[in-house]
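A.B. asks: Residue numbers (my numbering), protein chains in the order written: chain A, 1414 to 1736; chain B, 2 to 347.
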Amino acid sequence: MSDATLPRTAPPIRRANPKGALVAVVFEWLCCGAATMLLVALGWLLFSLVLGGWPALRKFGFGFLTTATWNPVTDVYGAAGPIMGTLVTAALALAIALPIAGGVAFFLTELCPAPLRRPIGTAVELLAGIPSIVYGMWGLFVFAPLFSRFVQLPMMAAAAPGSLLEKLTTGIPNGSGILSASIILAIMILPFMAATLRELLLTVPASVRESAYGLGATTAEVVMSVTLPYVRTGAIGAVMLGLGRALGETMAVTFIIGNSHTFPKSLFDSGSTIASTIANEFTEASTPMHTASLIALGLVLFVITFIVLGLARLMLRNQVAKA
Amino acid sequence: MLKKLGAAFGAALIVAAATTAQAAGSISGAGATFPAPVYNKWTEEYKAQTGISLNYQPIGSGGGIKQINASTVDFGASDKPLKPDDLAAGGLAMFPTVVGGVVPVMNLPGIKAGQIRMTGANLADIYRGAIKKWNDPLLAKMNPGVQLPNLPITVVHRSDGSGTTFLFTTYLSMKAQHWASEVGANDAVQWPVGLGGKGNDGVAAFVKQTPGAIGYVEYAYAKQNAMTYALMQNKDGRFVTPDAKNFAAAAANAKWASAPGFYLLLLDQPGPDAWPITGATFILMHTKQADAAKGKEVLSFFDWCYKNGDPAAGQLDYVALPASVKDLIRKSWSKVTGPDGKPVYR
Chain A
1414 MSDATLPRTA
1424 PPIRRANPKG
1434 ALVAVVFEWL
1444 CCGAATMLLV
1454 ALGWLLFSLV
1464 LGGWPALRKF
1474 GFGFLTTATW
1484 NPVTDVYGAA
1494 GPIMGTLVTA
1504 ALALAIALPI
1514 AGGVAFFLTE
1524 LCPAPLRRPI
1534 GTAVELLAGI
1544 PSIVYGMWGL
1554 FVFAPLFSRF
1564 VQLPMMAAAA
1574 PGSLLEKLTT
1584 GIPNGSGILS
1594 ASIILAIMIL
1604 PFMAATLREL
1614 LLTVPASVRE
1624 SAYGLGATTA
1634 EVVMSVTLPY
1644 VRTGAIGAVM
1654 LGLGRALGET
1664 MAVTFIIGNS
1674 HTFPKSLFDS
1684 GSTIASTIAN
1694 EFTEASTPMH
1704 TASLIALGLV
1714 LFVITFIVLG
1724 LARLMLRNQV
1734 AKA
Chain B
2 MLKKLGAAFG
12 AALIVAAATT
22 AQAAGSISGA
32 GATFPAPVYN
42 KWTEEYKAQT
52 GISLNYQPIG
62 SGGGIKQINA
72 STVDFGASDK
82 PLKPDDLAAG
92 GLAMFPTVVG
102 GVVPVMNLPG
112 IKAGQIRMTG
122 ANLADIYRGA
132 IKKWNDPLLA
142 KMNPGVQLPN
152 LPITVVHRSD
162 GSGTTFLFTT
172 YLSMKAQHWA
182 SEVGANDAVQ
192 WPVGLGGKGN
202 DGVAAFVKQT
212 PGAIGYVEYA
222 YAKQNAMTYA
232 LMQNKDGRFV
242 TPDAKNFAAA
252 AANAKWASAP
262 GFYLLLLDQP
272 GPDAWPITGA
282 TFILMHTKQA
292 DAAKGKEVLS
302 FFDWCYKNGD
312 PAAGQLDYVA
322 LPASVKDLIR
332 KSWSKVTGPD
342 GKPVYR
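1. So, is Trp1457(A) buried or exposed, given that buried needs 16 or more other C-beta atoms within 10 angstroms?
2. Could you name the residues of the same chain whose beta carbon sits closer than 7 Å to that of Ser79(B), not counting the 5 residues immediately before and after it, in chain order?
3. Quick test of your reading: Ile1670(A) and Ser1685(A), contact by CB under 8 Å. State the CB separation rounded to the nearest angstrom.
4. Which residues in chain B have a C-beta closer than 9 Å to the C-beta of Leu1553(A)? List them in chain order.
5. For the region 280-336 of chain B, which segments carrying the alpha helix (DSSP H) assignment without a break, of at least 4 residues, lie completely within its bounds, in sequence order?
6. Taking the continuous beta strand (DSSP E) assigned at Ala214(B), which residues delimit it?
7. Check whether the Cβ atoms of Glu298(B) and Ile28(B) lie closer than 8 Å to each other.
8. Which residues in the same chain as Lys236(B) place their Cβ atom closer than 8 Å to its Cβ, once the five residues preceding and following it in sequence are excluded?
9. Of all Cβ atoms in chain A, is any one closer than 8 Å to the Cβ of Thr155(B)?
10. Please say whether Val103(B) and Phe35(B) have beta carbons closer to each other than 8 Å?
11. Counting only Cβ-Cβ distances shorter than 8 Å, please list the residues of the region 56-88 of chain B near chain A, keeping chain order.
12. Check the Cβ-Cβ distances between Ser182(B) and every residue of chain A, and say whether any is below 8 Å.
13. Please classify Asn1672(A): is it buried, with 16 or more other beta-carbons within 10 angstroms of its beta-carbon, or exposed?
14. Let me know if Met1601(A) comes out buried or exposed under the rule of 16 or more other beta-carbons within 10 Å of its beta-carbon.
15. What three-state label does DSSP hand Lys81(B) in the structure shown?
16. Among Asn254(B), Ala281(B), Ala249(B), Phe248(B), which one has its Cα closest to the Cα of Tyr264(B)?
17. Below 8 Å on the Cβ atoms is my guess for Leu1592(A) versus Phe1681(A); work out the distance and round it to an integer in Å.
18. Tell me, please, which residues DSSP counts as bridged to Ala94(B).
19. Cutting at 8 Å between CB atoms, please list the residues of its own chain near Ala25(B), excluding the five before and the five after it.
20. Please classify Pro1495(A) as buried or exposed, where buried requires at least 16 other C-beta atoms within 10 Å of its C-beta.
21. List, in order along the chain, the chain B residues whose C-beta lies closer than 7 Å to that of Ala1557(A)?
22. Work out the CA separation of Ala1504(A) and Ser255(B) for me, nearest whole Å.
23. Using a Cβ-Cβ cut-off of 8 Å, state whether Asn187(B) counts as contacting chain A.
24. Could you name each continuous alpha helix (DSSP H) segment of 4 residues or more that falls completely within the region 1652-1682 of chain A, going from the start of the chain to the end?
25. Ala313(B): which of Ala223(B), Ala37(B), Lys42(B) sits nearest, CA to CA?
26. Please report how far the alpha carbon of Ala1518(A) lies from the alpha carbon of Leu1524(A), in whole angstroms.
27. Which residues in the same chain as Asn151(B) place their Cβ atom closer than 6 Å to its Cβ, once the five residues preceding and following it in sequence are excluded?
28. Shortest alpha-carbon distance to Ala1619(A) belongs to which of Ala1633(A), Phe1605(A), Thr1640(A), Phe1477(A)?
29. Could you check whether the region 219-233 of chain B touches the region 114-125 of chain B, counting it as contact only if at least three pairs of C-beta atoms, one from each stretch, sit closer than 8 Å?
30. What residue range is occupied by the uninterrupted alpha helix (DSSP H) comprising Pro1558(A)?
31. Are the region 1652-1669 of chain A and the region 1687-1704 of chain A in contact at 8 Å, needing three or more beta carbon pairs?
32. Is Met1653(A) near Ala1572(A), with beta carbons less than 8 Å apart?
33. DSSP state of Ala1417(A), grouped into three classes?
34. Whose CA, out of Gly1650(A), Phe1695(A), Met1702(A), lies closest to the CA of Leu1727(A)?
35. Do Pro1604(A) and Ala1541(A) have their C-beta atoms closer together than 8 Å?
36. Output needed for Leu1712(A): all residues of its chain with C-beta closer than 7 Å, excluding positions within five of it in sequence on either side, in chain order.
Right, dumping it as structure tokens:
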């Protein structure tokens, strides 16, 4: 801004200011250094993960990804259980959180009485700042008993023998398991996604929305055919960031998922995620192969997250190309 | 104004950090989380009395062994004793500090603490899923006169690698051939059935929330949460209560003198009162100390703990070692030498 106005207001003589020039050079170098450091850190991290996990990857090969044996006694490791747990909980969490986050955002921007907008918006942002271990403790001590009593037991009782519902609901009805972990994850990523979506919806120019209303559109129609398409690209980014957080979430999941390395067979079954397995076992991993396998798990998570972010980029690019 | 306040606060933080760094002792240790509360209490009292401060980081037994092998700490701590061969390979000396017990706890409506009796073989059958219901004939045979509920058993174990799990699974391996060959013993194992809670509190929470659940926790947890425990059959065939007195009995009857490098598991020890799932926690040190003065400081600290630390240990529900064992340990310290080959502690 000031640069644009400078030529007009500055005196016609060229200012020689060696001090300022030096500052500019240092500033440029610092910025360049900051960006390079980030890349170096990323590369180093990837390199360390490959190096640390190499013994496990070499010994178990592709089977590391496809077998569900995780046995520290015999030193044989396969990560299919944690990988499946990670993907299923993250996908379920997203499926639960996305509609609710959208609802919160639309309510705040379109329907909410003006005086309430700010307090509710702040509350949503506040929720996003709660540390994950607090969600974990709340999940284990408060949510799990209620979930067991009011969801798991009724669902198990309602399942007809041999039905698909029975298959999905076998397990221990004590409030832990894959579905519980997914719900806790959904609650965790919801405020983050709702806050981002709200910010996005606020960028829709009032004139556009008002014209739609002026044409006689209902709120639902305005949301569906005007504001949502307007923010679509940004919304995909917000969703992918939420998914990224769900994939890597550690403590809250560890508390409630039941921590079994077997391949999860139902929604109420105990499972594990990559992050929870690492958090559980890294401190006491005593054999080199155990440590290497946990580091290899970290590499797998790195790759999964990378693929998710890559997909998000690809979708964004397609959207931009279409527009 | 706010900025100034922030700057002042930041400066205060830096000053505080600098002073604590200065005050932090030159001696550092790292390892097992199970004895961390008592080690921290001891270092606190030791500092108050002698002015010498130690820094103990509870990073887990596996981490403690790695750190002492890499010589990044002055002593390591582990709940899992190292075998004499491993000690020799690493040039390490090992000695026990305190004793604790692992307690099977359960949630059975209508059953009070100490009402259920079990053998080690029963416990192994439950944990491998062979006994599935509380009114199983095998359990009923052990508990005549007790109305056992017709409830499915939910097995709860630790999800994180832990010395508690090592003791528990080693005990099951000793008592049941099936367990030894199918599952084995370690800090973490491939559990045939059940679900995992994070830490003692995670296991305790799952047990409390699930009618019909059984789990295992450290004694302090069972006591503080007033959980329903089982009486276990010990080597003498008696059913004993998990309490400090019975852990001490197991430690007293153990043959420490004939255990090279103090490699001794206190599991299933003889004696009428000995609790069968008892274990000591250990300290690891290099036998060749690069700095004799530092080695001496570490041993002086543990000597002080043996002399003055028993009340603190008792308050935190650990059991102190018998006096005879402490004497044996002090004698064993003669193999910790300085660069000149002379013992650092006399």
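Ideal Cβ positions, reconstructed from N, Cα and C, are used throughout, including at glycine.
No experiment lies behind these values; they were computed from the predicted model shown.
C.D. replies: Let's see:
1. Counting from 1 along the first sequence, the entry for residue 1457(A) is found at position 44. Under this definition Trp1457(A) is an exposed residue.
2. Start at 1 with the first residue of the second sequence, and residue 79(B) comes out as number 78. Same-chain partners within the cutoff: Gly32, Ala33, Ser62, Gly65, Ile66, Phe283, Leu285.
3. Your numbering for residue 1670(A) matches position 257 in the first sequence. Your numbering for residue 1685(A) matches position 272 in the first sequence. About 6 Å; that satisfies the 8 Å criterion.
4. Indexing the first sequence from 1 puts residue 1553(A) at position 140. Residues of chain B passing the Cβ test: Gly198, Lys199, Asp202, Gly203, Ala206, Phe207, Gln210.
5. Taking only runs of at least 4 residues, the alpha helix (DSSP H) segments lying wholly in the region 280-336 of chain B are 293-309, 311-316, 324-333.
6. For this step, residue 214(B) is matched to residue 213 along the second sequence. Per DSSP, Ala214(B) is one residue of the beta strand (DSSP E) stretching across 214-219.
7. The count along the second sequence starts at 1 and reaches residue 298(B) at position 297. The count along the second sequence starts at 1 and reaches residue 28(B) at position 27. Between Glu298(B) and Ile28(B), the CB-CB gap stays under 8 Å.
8. Against the second sequence, residue 236(B) aligns to sequence position 235. Apart from the 5 residues on each side of it in sequence, Lys236(B) sits with its Cβ closer than 8 Å to the Cβ of Asp269, Gln270, Pro271, Gly272, Ala275, Pro277 in its chain, given in chain order.
9. Taking the first residue of the second sequence as position 1, residue 155(B) is located at position 154. True, the Cβ-Cβ gap to chain A drops below 8 Å.
10. Position 34 of the second sequence, counting from 1, holds the residue named residue 35(B). Position 102 of the second sequence, counting from 1, holds the residue named residue 103(B). Their beta carbons are not under 8 Å apart, which means Phe35(B) does not touch Val103(B) by this criterion.
11. Taking a C-beta cut-off of 8 Å against chain A, the contacting residues of the region 56-88 of chain B are Ile60, Gly61, Ser62, Gly63, Gly64, Ile66, Lys81, listed in chain order.
12. Residue numbering aside, residue 182(B) sits at position 181 when the second sequence is read from its first letter. No Cβ of chain A is located within less than 8 Å of the beta carbon of Ser182(B).
13. Translated into positions along the first sequence, residue 1672(A) becomes position 259. The residue is buried, with at least 16 neighbouring Cβ atoms inside 10 Å.
14. Walking along the first sequence from the start, residue 1601(A) turns up at place 188. Around the Cβ of Met1601(A), a 10 Å sphere holds 16 or more other Cβ atoms; the residue is buried.
15. Within the second sequence, numbered from 1, the residue matching residue 81(B) stands at position 80. Of the three classes helix, strand and coil, the one that applies to Lys81(B) here is coil, per DSSP.
16. Numbered from 1 along the second sequence, position 263 holds the residue referred to as residue 264(B). Tyr264(B) has its Cα closest to that of Ala281(B), out of Asn254(B), Ala281(B), Ala249(B), Phe248(B).
17. If you number the first sequence from 1, residue 1592(A) lands on position 179. If you number the first sequence from 1, residue 1681(A) lands on position 268. Their Cβ separation, rounded to whole angstroms, is 6 Å, which keeps Leu1592(A) and Phe1681(A) in contact under 8 Å.
18. The residue labelled residue 94(B) in the question sits at position 93 within the second sequence. Met286(B), per the DSSP bridge assignment.
19. Here the question's residue 25(B) lines up with position 24 in the second sequence. Here the model assigns Ala25(B) a pLDDT of 41, short of 50, so the residue's position is not dependable and the matter cannot be decided.
20. As a working note, residue 1495(A) is residue 82 in the first sequence. Pro1495(A) comes out buried.
21. In the first sequence, the residue the question calls residue 1557(A) occupies position 144. The contacting residues are Gln210.
22. Residue numbering aside, residue 255(B) sits at position 254 when the second sequence is read from its first letter. Residue numbering aside, residue 1504(A) sits at position 91 when the first sequence is read from its first letter. Looking at the sequence itself, residue 255(B) is Ala, so the reference to Ser does not match. Taking C-alpha positions only, Ala255(B) is separated from Ala1504(A) by approximately 54 Å.
23. Start at 1 with the first residue of the second sequence, and residue 187(B) comes out as number 186. Closer than 8 Å to some Cβ of chain A, the Cβ of Asn187(B) qualifies, so yes.
24. Complete alpha helix (DSSP H) runs here, min 4: 1664-1669.
25. Taking the second sequence and counting its residues from 1, the one referred to as residue 313(B) is at position 312. Of the listed residues, the one whose Cα sits closest to Ala313(B) is Lys42(B).
26. Locating residue 1518(A) in the first sequence gives position 105, counting from the first residue. Locating residue 1524(A) in the first sequence gives position 111, counting from the first residue. If you take the alpha carbons of Ala1518(A) and Leu1524(A), they lie about 10 Å apart.
27. Sequence index remark: in the second sequence, residue 151(B) carries index 150 (1-based). So the list reads Asn136, once near-sequence residues are dropped.
28. Taking the first residue of the first sequence as 1, we reach residue 1619(A) at position 206. Nearest of Ala1633(A), Phe1605(A), Thr1640(A), Phe1477(A) to Ala1619(A), Cα basis: Thr1640(A).
29. Touching, yes, given that three or more Cβ pairs across the two stretches are closer than 8 Å.
30. On the first sequence, residue 1558(A) is found 145 positions in, with the first residue counted as 1. Under the DSSP assignment, Pro1558(A) falls in the alpha helix (DSSP H) whose first and last residues are 1557-1560.
31. Touching, yes, given that three or more Cβ pairs across the two stretches are closer than 8 Å.
32. To locate residue 1653(A), count along the first sequence from 1; it is residue 240. To locate residue 1572(A), count along the first sequence from 1; it is residue 159. It is not a contact, given that the beta carbons lie outside the stated cut-off.
33. Position 4 of the first sequence, counted from the start, is the residue given in the question as residue 1417(A). Because the pLDDT of Ala1417(A) is 47, which lies under 50, any placement of that residue in the model is unreliable, and the question is left without a value.
34. Locating residue 1727(A) in the first sequence gives position 314, counting from the first residue. Per the Cα distances, Gly1650(A).
35. Here residue 1604(A) corresponds to residue number 191 of the first sequence, with the count starting at 1. Here residue 1541(A) corresponds to residue number 128 of the first sequence, with the count starting at 1. Using a Cβ distance threshold of 8 Å, Pro1604(A) and Ala1541(A) count as a contacting pair.
36. On the first sequence, position 299 is the one that residue 1712(A) refers to. Only Leu1462, Val1463, Gly1466 meet the Cβ criterion.
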